[in-house]
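Asker:
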Amino acid sequence: MASSTHSSITKRGSLPTAGSVFFISSAGRVLKLPIPSGSYRDPLTWSWSKRFLAFFALQCLSIAVSFELNLPGLLIEAIRHEFKDEDLSPFSTESISSAITLFTGFGYLIGIPLSTAIGRRPVFVGAAITATLSTLWAAFGGSFFQLLAAVSFQGLAAGSATGMCILIIIDATFIHERLNALSLFWCLGSAFIKLSILILPLTTDLTMQWRCVYKIWFSFCTVALILVVLFVPETYFLRPPVALDGRVLVQSASEKIQVYSGWDEVEGIRNEKPLPDIPASWSWWSQLMVTRAPGTNWSSMAATYGQMLLCILNPLTFWVSLLTGVVLSGVIFLNLTQPMALVRELGAKQVDNVNIMLGVTGVVGSILAFPASGPLASWFTRYHTLRNGGIRHAEVYLAIFSIPVITGLLSVILNGLTIINGWPVAWIYVTSAISIISYLTGNVAFNLWITEAFPRWAAAALAVQLFVGNIFGFGIGTAVAPWVQHNHILEPTILIASLLLVMGSSEQIPLDTTFRNYSEQQASDYSKGRLGYSDTLVDFILNYHHSTGGRNGTLLDVGCGPGTATRMLAPHFDISYGVDPGESMINLASDLGGQTRVGNSIMYKLSTAEDIDKIDGLPQSSLDLITAATAAHWFDMPRFWPAAAKVLKPGGTIAIWTTFRQPGIESKLQLVFEEFRNGLLPYTSAGTRLTQDGYIDLVMPWDNSATAQFYDRQKSARHELSAADGFFPDLAMKGPSNELPQSQLHRFERLVSTFGTVDRWRKANPEMVGTKNDCVNILMDKVHKVAEESGGKIDMSVLAGEMAVALILVKRSDALSYEDIVP
Numbered sequence: 001m002a003s004s005t006h007s008s009i010t011k012r013g014s015l016p017t018a019g020s021v022f023f024i025s026s027a028g029r030v031l032k033l034p035i036p037s038g039s040y041r042d043p044l045t046w047s048w049s050k051r052f053l054a055f056f057a058l059q060c061l062s063i064a065v066s067f068e069l070n071l072p073g074l075l076i077e078a079i080r081h082e083f084k085d086e087d088l089s090p091f092s093t094e095s096i097s098s099a100i101t102l103f104t105g106f107g108y109l110i111g112i113p114l115s116t117a118i119g120r121r122p123v124f125v126g127a128a129i130t131a132t133l134s135t136l137w138a139a140f141g142g143s144f145f146q147l148l149a150a151v152s153f154q155g156l157a158a159g160s161a162t163g164m165c166i167l168i169i170i171d172a173t174f175i176h177e178r179l180n181a182l183s184l185f186w187c188l189g190s191a192f193i194k195l196s197i198l199i200l201p202l203t204t205d206l207t208m209q210w211r212c213v214y215k216i217w218f219s220f221c222t223v224a225l226i227l228v229v230l231f232v233p234e235t236y237f238l239r240p241p242v243a244l245d246g247r248v249l250v251q252s253a254s255e256k257i258q259v260y261s262g263w264d265e266v267e268g269i270r271n272e273k274p275l276p277d278i279p280a281s282w283s284w285w286s287q288l289m290v291t292r293a294p295g296t297n298w299s300s301m302a303a304t305y306g307q308m309l310l311c312i313l314n315p316l317t318f319w320v321s322l323l324t325g326v327v328l329s330g331v332i333f334l335n336l337t338q339p340m341a342l343v344r345e346l347g348a349k350q351v352d353n354v355n356i357m358l359g360v361t362g363v364v365g366s367i368l369a370f371p372a373s374g375p376l377a378s379w380f381t382r383y384h385t386l387r388n389g390g391i392r393h394a395e396v397y398l399a400i401f402s403i404p405v406i407t408g409l410l411s412v413i414l415n416g417l418t419i420i421n422g423w424p425v426a427w428i429y430v431t432s433a434i435s436i437i438s439y440l441t442g443n444v445a446f447n448l449w450i451t452e453a454f455p456r457w458a459a460a461a462l463a464v465q466l467f468v469g470n471i472f473g474f475g476i477g478t479a480v481a482p483w484v485q486h487n488h489i490l491e492p493t494i495l496i497a498s499l500l501l502v503m504g505s506s507e508q509i510p511l512d513t514t515f516r517n518y519s520e521q522q523a524s525d526y527s528k529g530r531l532g533y534s535d536t537l538v539d540f541i542l543n544y545h546h547s548t549g550g551r552n553g554t555l556l557d558v559g560c561g562p563g564t565a566t567r568m569l570a571p572h573f574d575i576s577y578g579v580d581p582g583e584s585m586i587n588l589a590s591d592l593g594g595q596t597r598v599g600n601s602i603m604y605k606l607s608t609a610e611d612i613d614k615i616d617g618l619p620q621s622s623l624d625l626i627t628a629a630t631a632a633h634w635f636d637m638p639r640f641w642p643a644a645a646k647v648l649k650p651g652g653t654i655a656i657w658t659t660f661r662q663p664g665i666e667s668k669l670q671l672v673f674e675e676f677r678n679g680l681l682p683y684t685s686a687g688t689r690l691t692q693d694g695y696i697d698l699v700m701p702w703d704n705s706a707t708a709q710f711y712d713r714q715k716s717a718r719h720e721l722s723a724a725d726g727f728f729p730d731l732a733m734k735g736p737s738n739e740l741p742q743s744q745l746h747r748f749e750r751l752v753s754t755f756g757t758v759d760r761w762r763k764a765n766p767e768m769v770g771t772k773n774d775c776v777n778i779l780m781d782k783v784h785k786v787a788e789e790s791g792g793k794i795d796m797s798v799l800a801g802e803m804a805v806a807l808i809l810v811k812r813s814d815a816l817s818y819e820d821i822v823p
């Protein structure tokens, strides 16, 4: 791609990186992604009536299985009364609640991966059958152990069915519909369950009768089963390439679109275009059949379990899973304390009224949660996407986490204060509704983020989030139960509130510290492995700087690492600084040295990008050029821009650049490397995704009115500079002349070893580092095979030729100095 020459910030096409999609067109229209195909099996082609019936059916089954999760707690007195003379060892009646919770978790772990092997519909129908038969078994079982087994199967069915409901909704909706669809699913289901729990004590003596409840509920489960068989088709669907307007559109698993000019350019199908579906003869019997979904296989299920392990090791997925559990623990804690507190305050005769009021507040909370988790969240994500040039990253959903965190924290603290201080009981009902809002908005936000951030591993990530959240939440609930039984409210209140505060405050992804924590040896290896930058790029930056009135007085290279870019730019300036937060990097840069054009040594200092205005000996308004070479994605940009405005002269320049991959025709080597990158997706940080997208989503100074006034947007520019035009290092394109194949492969291995994702993988898997299972060694084995097929040498230019440099040039306003506005 030729470099752009316009003087404004432009956006380019999105790359196939996880969690980021073009969402809004230049005309402001929300795009319907993924693009529907012409296949009758594509759930995105369903009519509105078909979608409604499918949603109604899955909602009914969800209510059926979720209601049964609440029954052991409601019927415990009646169950204890019936089996009081039976030897229950080694269990107790309380074991029923533990069993159904544990097996719900197993349902997530079994059902979700199984759906990748046989499809969504077989698993969903199987869960419906299991729920129906186990409910019948619970109603007529002759012993406590049969009841225990029956509720265990109910838990298994509930976990499988809930996981399938979420996946089916995601399969059958466009990206922009998913927030509202998931919100409606969770909130509507909760409202009906709370309503059922409200009605149940009014129709049955729950202290003496329990079998009749299961007998009646068996009828509802049967109806739900029939609806599922009739109206929920298979939604597992592998999207084929689509021909449109003379071009071929290929949709990846991350729901991105790649455009090819013809079928011969598409790797894997260049010899044969995909054939259309064989026309299906419609019949009622064909609609009722439960068969394996096309495209599923057992190896996918095995791969899903491997992905689940990696998701557990990923800090982000594990954090969201734990946060799910903490929010759930708040709801459990309130359910344990509120009935006891209300009965103690109002008297034992008011038990029925207490249960009715708590049921009503549950319904109210469920209804109020919908606008917060659906329409409001949809508006926010669309607004944020518009501000980011029509591109939506999965990180936008992190902001929605604030709703469940704040409401959960508020409900736990208010509940504790009300009970401890004897405040009016109305506050307990208020906190009950707030806790339901927290739980439901959390489910929507957590489910959507976990599947959008890892779209290729959506099933694995969802299974981990649901399982860990369920077990962790009930684990905390079990731990605080003894405190509640002894009327100790303060301790669990402080515990859960602290967990919510700590986990919730981690909502914004922390700055990556991979490189600043490097040892001296790691810093040295990093320096040797990096490719450096081309003279053509340096000349391009300096030409812009001079043409816009910049001078060659003082340079500051931020995030300089071992000083690679600093040493290239310093000979053009009188004074040069290099700063980095990593002590080992600064020590190495100092050892490597470098001089300015007047013979002065480069000065290397320890500093973060956000604190460059606090560097000793660096006066305000003293810098002519600030650079950041493949480093800005680690900065806290909203803090960097005001700091830079303080030390940059009016009319000075900020040059920020990174390398990124442009889409093209894939070779064998590129396919190997792409597979390597996909395997490291769980270790990909937000900063890495910024780089992979060529900084299109980097926060700019005019995104904030407080910093916009210090920069001249009209003179600023964004360029995409291709390797073909000389903007990539010659070493990457050609390598040294007469380079031996083994040396070339070793150079490639050293480069890959400097990747931040590789470093994070090795920290998570220290026992595999240096072994045959090391991710780099696995990659190099495959690269060696490609090299052998190519005569023993790899053509690095194949990879480098797809690379480009995204260069952002920002001018400091001539009119204002920082002191003019900020004293």
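Residue numbers (full-length UniProt numbering): 1 to 823.
We treat Cβ as the ideally placed atom computed from N, Cα and C, and that holds for glycine.
Here the structure is a predicted model, which is why all the values come from computation and not from measurement.
For the ligand GTP, I want to know if L230 counts as a neighbour, meaning its beta carbon is within less than 6 Å of at least one of the ligand's heavy atoms.
Answerer: Absent from the structure shown: the ligand GTP. Ligands present: none.
Asker: Taking the straight line between their C-alpha atoms, what separation do you get for F56 and L184?
Answerer: Your numbering for residue 56 matches position 56 in the sequence shown. Your numbering for residue 184 matches position 184 in the sequence shown. If you take the alpha carbons of F56 and L184, they lie about 11 Å apart.
Asker: Mind checking P34: buried by the 16 CB within 10 Å criterion, or exposed?
Answerer: Residue 34 sits at position 34 when you count from the first residue of the sequence shown. Answer is buried; the Cβ neighbour count reaches 16.
Asker: For L358, I'd like the list of residues in its chain whose CB is within less than 8 Å of its CB, leaving aside the five on either flank, ordered along the chain.
Answerer: Along the sequence shown, read from residue 1 onward, the residue named residue 358 stands at position 358. Here the set comprises Q338, P339, L342, Y429, S432.
Asker: Do you know offhand how far V213's Cα is from G408's?
Answerer: To locate residue 213, count along the sequence shown from 1; it is residue 213. To locate residue 408, count along the sequence shown from 1; it is residue 408. Distance between the alpha carbons of V213 and G408 is about 32 Å.
Asker: Going by DSSP in three states, G416 sits in which element: helix, strand or coil?
Answerer: Residue numbering aside, residue 416 sits at position 416 when the sequence shown is read from its first letter. Three-state result, G416: helix.
Asker: In chain order, what residues of the same chain have a beta carbon less than 7 Å from the beta carbon of G111, not counting five sequence neighbours either side?
Answerer: As a working mapping, residue 111 is identified with position 111 in the sequence shown. Cβ within range, chain order: V123, A127, G159, S160, G163, M164.
Asker: If we call anything under 7 Å between Cβ atoms a contact, is residue 824 one with Y577?
Answerer: Residue 824 lies beyond the residue range present for the chain, which begins at 1 and ends at 823; the question has no answer from this structure.
Asker: Return the CA-CA distance between L71 and I489, expressed in angstroms with no decimal places.
Answerer: Within the sequence shown, residue 71 is the residue found at index 71, counting from 1. Within the sequence shown, residue 489 is the residue found at index 489, counting from 1. Their backbone Cα atoms lie some 26 Å apart in a straight line.
Asker: Go through its chain and collect everything with a Cβ distance to L88's Cβ below 7 Å, but skip five positions before and after it.
Answerer: One-based indexing of the sequence shown puts residue 88 at position 88. Result list for L88: F144, in chain order.
Asker: With DSSP run on the structure shown, which of helix, strand or coil describes residue 824?
Answerer: Nothing in the structure corresponds to residue 824, since the chain is present only between 1 and 823.
Asker: Determine the burial state of D539: buried for a count of at least 16 other Cβ atoms within 10 Å of its Cβ, exposed for fewer.
Answerer: Locating residue 539 in the sequence shown gives position 539, where the first residue counts as 1. Its Cβ having fewer than 16 others within 10 Å, D539 is exposed.
Asker: Would you mind stating whether F472 and L322 have Cβ atoms separated by less than 7 Å?
Answerer: In the sequence shown, counting from the first residue as 1, residue 472 sits at position 472. In the sequence shown, counting from the first residue as 1, residue 322 sits at position 322. Contact flag set, yes.
Asker: Going by alpha carbons, who is nearest to R80 out of L133, F103, T207?
Answerer: As a first step, residue 80 must be located in the sequence shown, where it is residue number 80. Of the listed residues, the one whose Cα sits closest to R80 is T207.
Asker: Contact between the segment 562-573 and the segment 625-632 is defined here as three or more beta-carbon pairs at a separation below 8 Å; is this criterion met?
Answerer: Counting Cβ pairs under 8 Å, three or more are found: they touch.
Asker: Could you give the DSSP three-state label for K772: helix, strand or coil?
Answerer: The residue labelled residue 772 in the question sits at position 772 within the sequence shown. Coil.
Asker: What are the start and end residues of the beta strand (DSSP E) that includes P701?
Answerer: To locate residue 701, count along the sequence shown from 1; it is residue 701. Neither: P701 is in no beta strand (DSSP E) and is coded neither H nor E.
Asker: What's the C-alpha gap between G362 and V502?
Answerer: The sequence position of residue 362 within the sequence shown is 362, counting from 1. The sequence position of residue 502 within the sequence shown is 502, counting from 1. Each residue's Cα considered, the two are about 27 Å apart.
Asker: Check for me: the beta strand (DSSP E) holding P650 runs from which residue to which?
Answerer: Mapped onto the sequence shown, residue 650 falls at position 650. Segment 648-661, the beta strand (DSSP E) holding P650.
Asker: Flag this pair as touching only if the segment 59-70 and the segment 167-174 have three or more C-beta atom pairs under 8 Å; answer yes or no.
Answerer: In short, these stretches do not touch, since the Cβ pair count stays below three.
Asker: Give the straight-line distance between the Cα atoms of L592 and K668, rounded to the nearest whole angstrom.
Answerer: The count along the sequence shown starts at 1 and reaches residue 592 at position 592. The count along the sequence shown starts at 1 and reaches residue 668 at position 668. The alpha-carbon atoms of L592 and K668 are separated by roughly 38 Å.
Asker: Whole angstroms are fine: how far does the CA of I450 sit from the CA of S200?
Answerer: Your numbering for residue 200 matches position 200 in the sequence shown. Your numbering for residue 450 matches position 450 in the sequence shown. For the record, residue 200 in the displayed sequence is Leu; it is not Ser. So the alpha carbons of these two residues sit roughly 35 Å apart.
Asker: Mind reading off the beta-carbon distance from V769 to R760? Whole number of angstroms is fine, and I expect it under 8 Å.
Answerer: Mapped onto the sequence shown, residue 769 falls at position 769. Mapped onto the sequence shown, residue 760 falls at position 760. Going by Cβ atoms, the distance from V769 to R760 rounds to 12 Å, so no, they are not a contact pair.
Asker: Between the C-alpha atoms of S705 and I656, what's the straight-line distance to the nearest angstrom?
Answerer: The residue you call residue 705 lines up with position 705 of the sequence shown. The residue you call residue 656 lines up with position 656 of the sequence shown. Each residue's alpha carbon lies about 21 Å from the other.
Asker: Beta-carbon separation of D574 and V598 under 7 Å?
Answerer: As a working mapping, residue 574 is identified with position 574 in the sequence shown. As a working mapping, residue 598 is identified with position 598 in the sequence shown. Against a cut-off of 7 Å, the Cβ pair of V598 and D574 comes out as a contact.
Asker: Assign Q287 to one of two classes, buried (16 or more other C-beta atoms within 10 Å of its C-beta) or exposed (fewer than that).
Answerer: In the sequence shown, the residue the question calls residue 287 occupies position 287. Its Cβ having fewer than 16 others within 10 Å, Q287 is exposed.
Asker: Write down every uninterrupted run of the alpha helix (DSSP H) in the segment 424-449 whose length is 4 residues or greater and which is fully enclosed by it, in chain order.
Answerer: Runs found: none.
Asker: Once DSSP output is grouped into helix, strand and coil, what is the label at M803?
Answerer: Taking the first residue of the sequence shown as 1, we reach residue 803 at position 803. Of the three classes helix, strand and coil, the one that applies to M803 here is strand, per DSSP.
Asker: So, does the segment 673-682 touch the segment 765-782, judging by three or more C-beta pairs under 8 Å?
Answerer: The segment 673-682, when compared against the segment 765-782, does touch it at the 8 Å Cβ threshold.
Asker: DSSP state of M208, grouped into three classes?
Answerer: Locating residue 208 in the sequence shown gives position 208, counting from the first residue. Three-state DSSP puts M208 in coil, outside helix and strand.
Asker: Do you know whose CA, among L147, N314, L75, R51, lies nearest V232's CA?
Answerer: Counting from 1 along the sequence shown, the entry for residue 232 is found at position 232. Ranking L147, N314, L75, R51 by Cα distance to V232 puts R51 first.
Asker: With DSSP as the reference, label D624 as helix, strand or coil.
Answerer: One-based indexing of the sequence shown puts residue 624 at position 624. Strand, per DSSP.
Asker: Take G726 as the anchor and find which of S534, G553, L227 has the nearest alpha-carbon.
Answerer: By one-based count along the sequence shown, residue 726 stands at place 726. Nearest C-alpha to G726: S534.
Asker: List the whole-angstrom C-beta distance separating G330 from I118, where the pair is believed to meet the contact cut-off of C-beta under 8 Å.
Answerer: Working through the sequence shown from its first residue, we reach residue 330 at position 330. Working through the sequence shown from its first residue, we reach residue 118 at position 118. About 37 Å; that fails the 8 Å criterion.
Asker: To which residues of the same chain is A157 closer than 7 Å at the C-beta, ignoring the five residues directly before and after it?
Answerer: Along the sequence shown, one-based indexing puts residue 157 at 157. For A157, where only same-chain residues beyond five positions count, the Cβ hits under 7 Å are V65, G107, A127, T130, A131, S134.
Asker: Could you give the DSSP three-state label for Y711: helix, strand or coil?
Answerer: As a working mapping, residue 711 is identified with position 711 in the sequence shown. It is a strand residue.
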